[in-house]
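Trainee:
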Amino acid sequence: MVGFMDLRQWVGLLEKEGDLARIRAEVHWDRELGAIARRVLEKKGPALLFEHITGYRTGRCTKLLTGALGDRRRLALALGFPRDVGNAELVQYVMEKNRATIPPRVVSTGPVKDVIVRGEAIDQADFPVPRWHYLEGGRYIHTFSGIVTRDPDTRLMNVGIYRGMIGRKDTTPMLLIKGGQHWGHHFQKYADRGEPMPVACVIGWDPIMPFLAGSPIPSGVCEWDVMGAYRGEPAELVRCETVDLEVPASAEIVLEGFISDDPATWEKEGPFGEYTGHLSDVPTPRPTMKITCITHRRDPIFQGCLEGTLPGSYSENSVMSAVQRAGIAWNILKGAGIPGVRDVYVHPITNGVNIVVQIRKAYQGQPKQIAAALWGNSAAQYRYKHVIVVDDDIDPSSYGQIDWALAHRMNAGEGGLVVFPGIFGSPIDPSTPLEDRDVSRLGTGLWNRVLFDATRSWKFERRPEWGGERFPPTVRPAAEDEARVRQRWTEYGLGDL
25 MVGFMDLRQW
35 VGLLEKEGDL
45 ARIRAEVHWD
55 RELGAIARRV
65 LEKKGPALLF
75 EHITGYRTGR
85 CTKLLTGALG
95 DRRRLALALG
105 FPRDVGNAEL
115 VQYVMEKNRA
125 TIPPRVVSTG
135 PVKDVIVRGE
145 AIDQADFPVP
155 RWHYLEGGRY
165 IHTFSGIVTR
175 DPDTRLMNVG
185 IYRGMIGRKD
195 TTPMLLIKGG
205 QHWGHHFQKY
215 ADRGEPMPVA
225 CVIGWDPIMP
235 FLAGSPIPSG
245 VCEWDVMGAY
255 RGEPAELVRC
265 ETVDLEVPAS
275 AEIVLEGFIS
285 DDPATWEKEG
295 PFGEYTGHLS
305 DVPTPRPTMK
315 ITCITHRRDP
325 IFQGCLEGTL
335 PGSYSENSVM
345 SAVQRAGIAW
355 NILKGAGIPG
365 VRDVYVHPIT
375 NGVNIVVQIR
385 KAYQGQPKQI
395 AAALWGNSAA
405 QYRYKHVIVV
415 DDDIDPSSYG
425 QIDWALAHRM
435 NAGEGGLVVF
445 PGIFGSPIDP
455 STPLEDRDVS
465 RLGTGLWNRV
475 LFDATRSWKF
485 ERRPEWGGER
495 FPPTVRPAAE
505 DEARVRQRWT
515 EYGLGDL
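Read left to right, the sequence shown gives residues 25 to 521 (our numbering).
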């Protein structure tokens, strides 16, 4: 367990680990910076700190950090683990910590109050906000920010990650749907009261903030409290200047303001490069934040992320989501009383749309029970479209091993392939017909979910020539032969193979 880090300590740790590249060449914020970030993600490269951005050599903010959590090894580091920690250990840790809390502590001031900007001086273009992709509708200032709101009834705060695009110098249209995610529920309550919703957007702090802000923490639990449990100490928060919210005292930048339910105040937002790796819909009028104050540290570091996965390339959000979505799924299966779950793996490239469950099989219908439990849970709204179940001799993180199991253990005609049509699902899945993504008509998107049962069938009889098992043995060497080889390995002169 590690204590809280501000963004500068996190950058220092990455640099110490040799996992940070300082980009001192001049780079343009419009498209070039995003294209560099994409290439580095494809190469599985380091975090990037841009120090010479066109138009921002001097001024309020001159540096930008991206890709800091763009690799699972760096996420493990942020959570206090060795970089090569196994998937099951990391996911089980997240499962445990997501249920724990240590309340935050409010302090009088902090570095985020070094500079306070109000009125006509407010201008989001003072920060080197990229236009990440050439088809996006503008400069997205909120891709990795912790967006803070408060339930007006319970006074409980929520911290989430939601996208927001620069409109005018002091406005930000955002993807906000009443009754949707937690801040959507808050927005509905403020709308019912006829009041604008107070909002604070935190840019740059401990990596635990985006990790948990991008995760579906249960309703009734504040992310600041869960962050305290992860770090083993209370988060230190300060009160905002113009809204009734608290934010980290050592954050880099905080934008405060209000969002009204009056469509006359809304501005167009989009398109945006979504997590699916495809572009979102056409520009659409969205609820818009009116900024009332900006506070920041001296010489602040802006932080954002390139969204969207592509073959061979995945984003910071997908790395974070992979671990969290695996943990959530494991808890669902545990709560359903399903025995024998050994590991749950989500590859960052799929953002949890595909999930692999490794089991020590206890009965023939077990994989179907696993799929039913996952598909029946509200956490499956955007995830778990394809469920793959494998035996405990298959590494769920290895697509090669999964492919082998699909080829030699799954029989589609014998129940190995199950399609569950017309169940609730993602409204932004580009593979789904537009009519099945019509939320205004259907209330949700519709998915045809699929189970791939790649486990050994228990419908086979046990046979003596198979050692009393239901499936023929594999060509793996005998355990005693493998043990002998391991013992003599250095004698063979094969090095670290």
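By construction, the Cβ of each residue, glycine as well, lies at the ideal position given by its N, Cα and C atoms.
Residue range of the alpha helix (DSSP H) that residue 216 falls in?
Mentor: 206-217 is the span of the alpha helix (DSSP H), which, as asked, contains residue 216.
Trainee: Let me know the secondary structure DSSP gives residue 47 once reduced to three states.
Mentor: strand
Trainee: Would you call the segment 358-366 and the segment 381-397 in contact, with 3 or more CB pairs under 8 Å?
Mentor: yes
Trainee: Give the secondary structure of residue 281 by DSSP, where H, G and I count as helix, E and B as strand, and everything else as coil.
Mentor: strand
Trainee: Who are the Cβ neighbours of residue 534 in its own chain at under 6 Å, not counting the five residues just before and after it?
Mentor: Residue 534 is absent from the model: the chain starts at 25 and stops at 521.
Trainee: Would you call the segment 85-102 in contact with the segment 31-44, where contact means no fewer than 3 C-beta pairs closer than 8 Å?
Mentor: Verdict: yes, contact present.
Trainee: Should residue 320 be labelled buried (16 or more other beta-carbon atoms within 10 Å of its own) or exposed?
Mentor: buried
Trainee: May I have a chain-ordered list of the beta strand (DSSP E) segments no shorter than 3 residues that lie completely inside the segment 139-218?
Mentor: The segment 139-218 contains these whole beta strand (DSSP E) runs: 139-142, 164-166, 170-174, 181-184 and 195-197.
Trainee: Look at the Cβ atom of residue 189, then the Cβ atom of residue 269, and state whether they are nearer than 8 Å.
Mentor: Not closer than 8 Å, so no.
Trainee: Taking the CB atoms as reference points, tell me whether residue 343 and residue 184 lie closer together than 8 Å.
Mentor: no
Trainee: Residues in the same chain with beta-carbon distance under 8 Å from residue 511, minus the five sequence neighbours each way, listed in chain order, please.
Mentor: none
Trainee: Nearest to residue 67 by alpha carbon, out of 53, 339 and 84?
Mentor: Answer by Cα proximity: 339.
Trainee: Just to confirm my understanding: we take residue 219, look at its own chain, exclude 5 residues before and 5 after, and list those with CB closer than 8 Å. What are they?
Mentor: 176
Trainee: Identify every residue that forms a DSSP beta bridge with residue 222.
Mentor: 282, per the DSSP bridge assignment.
Trainee: What three-state label does DSSP hand residue 337 in the structure shown?
Mentor: strand
Trainee: Would you say the segment 215-229 touches the segment 163-179, given that touching needs at least three Cβ pairs under 8 Å?
Mentor: With a cut-off of 8 Å, the segment 163-179 and the segment 215-229 count as touching, because enough Cβ pairs lie within range.
Trainee: Verify whether the separation of the beta carbon atoms of residue 283 and residue 313 is less than 8 Å.
Mentor: When the beta-carbon positions are compared, residue 283 and residue 313 come within less than 8 Å of each other.
Trainee: Below 8 Å between beta carbons: does that hold for residue 300 and residue 453?
Mentor: yes
Trainee: For residue 456, does the three-state DSSP call read helix, strand or coil?
Mentor: In the structure shown, residue 456 sits in coil (DSSP, three-state: anything other than H, G, I, E or B).
Trainee: Who are the near neighbours of residue 456 in its chain, counting only those whose CB is closer than 8 Å to its CB and skipping five residues on each side?
Mentor: 449, 450, 469, 470 and 471
Trainee: Determine the DSSP secondary structure at residue 98, reduced to helix, strand or coil.
Mentor: Residue 98: helix per DSSP, three-state reduction.
Trainee: Spatial neighbours of residue 52 within its chain, please: CB distance less than 7 Å, with the 5 preceding and 5 following residues excluded, ordered by chain position.
Mentor: 78
Trainee: Tell me the rounded alpha-carbon separation between residue 486 and residue 493.
Mentor: Straight-line Cα distance between these residues: approximately 5 Å.
Trainee: With three or more beta-carbon pairs closer than 8 Å as the criterion, would you say the segment 45-60 touches the segment 72-87?
Mentor: yes
Trainee: Is any heavy atom in the ligand NAD found nearer than 7 Å to the beta carbon of residue 410?
Mentor: As presented, the structure is devoid of all ligands, the ligand NAD included, so that no description of it is given.
Trainee: What are the complete beta strand (DSSP E) segments, minimum 3 residues, inside the segment 235-315?
Mentor: 260-263, 270-272, 277-283, 291-293 and 308-310
Trainee: Verify whether the separation of the beta carbon atoms of residue 156 and residue 297 is less than 8 Å.
Mentor: yes
Trainee: Between the Cα of residue 531 and the Cα atoms of 287, 120, 397 and 140, which residue gives the shortest distance?
Mentor: Shown here, the chain extends from 25 to 521; a query on residue 531 therefore has no answer.
Trainee: For residue 524, is the classification buried or exposed, using 16 other Cβ atoms within 10 angstroms of its Cβ as the cut-off for buried?
Mentor: What is shown of the chain runs 25 to 521, which leaves residue 524 out entirely.
Trainee: Which residues mark the beginning and the end of the beta strand (DSSP E) in which residue 478 is found?
Mentor: 469-478
Trainee: Please list the terminal residues of the continuous beta strand (DSSP E) segment that includes residue 71.
Mentor: 71-74
Trainee: CB-CB under 8 Å to residue 325, same chain, minus the five flanking residues each way: which ones, in chain order?
Mentor: 31, 32, 35, 73, 85, 87, 88, 89, 228 and 276
Trainee: Of all the beta strand (DSSP E) runs that stay within the bounds of the segment 80-136, which reach a length of 3 or more residues?
Mentor: 87-90
Trainee: Excluding the 5 residues preceding and the 5 following residue 307 in the sequence, name in chain order all residues of the same chain whose CB lies nearer than 8 Å to its CB.
Mentor: Around residue 307: 161, 292, 293, 294 and 295.
Trainee: If you measure between the beta carbons of residue 262 and residue 131, is that distance less than 8 Å?
Mentor: yes
Trainee: Is residue 391 helix, strand or coil by DSSP?
Mentor: helix
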